[in-house]
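Before any comments, here is the structure.
Residue numbers (this note's numbering): -1 to 161.
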């Protein structure tokens, strides 16, 4: 009757807010994962300014991805990279805090080339600020355990119930 009210042709439905949020979360998690691939983190503590997005934005994106992920292996991976967020702190500055001598920051294949004596001597000779690292790392561990891990566990439980 009133043809002007009918849509003309096949107009695709606009993506829902949830779809847009999921797509944004995927992009954020991928950018963070790319950063970790290029700059692996172990016991180091780095400034949050190194992250591709704010720590809170990355954590929220990981939680969104985690809660909707059906694959248990991917959920475990998301938990692992989520916990690493605690190693990024305010006020660290351009130099990361680390207990490993800079000369030993190499891949596992290079470590095999060092004999035990050279490895031990490099560690003994290192004059890093262990006190500063330990003080900050205690906060890293506390944040992982008390703040980040419970959120990741809850999101993983939601996903497991859906799977």
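Cβ coordinates follow ideal geometry from the N, Cα and C atoms, glycine included.
Since we're looking at a predicted model, the values are computed, not measured.
| Query | Result |
| --- | --- |
| Mind reading off the beta-carbon distance from residue 71 to residue 157? Whole number of angstroms is fine, and I expect it under 8 Å. | Not a contact, Cβ separation roughly 12 Å. |
| Decide yes or no for the touch test of the segment 44 to 58 against the segment 11 to 20: beta carbon pairs closer than 8 Å, at least 3 of them. | no |
| According to the neighbour-count rule (16 or more other Cβ atoms, all chains shown, within 10 Å of its Cβ), is residue 91 buried or exposed? | exposed |
| Sorted by chain position, which residues of the same chain lie with C-beta nearer than 8 Å to residue 88's C-beta, five sequence neighbours on each side aside? | 45 and 46 |
| Based on Cα-Cα distance, which residue from 40, 52, 36 and 62 lies nearest to residue 16? | 62 |
| Going by DSSP in three states, residue 49 sits in which element: helix, strand or coil? | coil |
| Could you give the distance in angstroms between the alpha-carbon of residue 77 and the alpha-carbon of residue 149? | 10 Å |
| Closer than 6 Å by C-beta to residue 131: which residues in its own chain qualify, once you throw out the five before and the five after it? Chain order, please. | 95 and 97 |
| Check whether the Cβ of residue 45 sits closer than 7 Å to any heavy atom of the ligand ATP, and report yes or no. | Within the structure as shown, the ligand ATP is missing, as the structure has no ligands at all. |
| Within this structure, are the beta carbons of residue 49 and residue 86 separated by less than 8 Å? | yes |
| If you draw a straight line from the C-alpha of residue 30 to the C-alpha of residue 145, how long is it? | 19 Å |
| Straight-line CA distance for residue 37 to residue 161? | 32 Å |
| Identify the residues that DSSP records as bridge partners of residue 95: which are they? | 43 |
| Sorted by chain position, which residues of the same chain lie with C-beta nearer than 8 Å to residue -1's C-beta, five sequence neighbours on each side aside? | The pLDDT assigned to residue -1 is 49, lower than 50, so where the model puts this residue is not dependable, and the model offers no usable value. |
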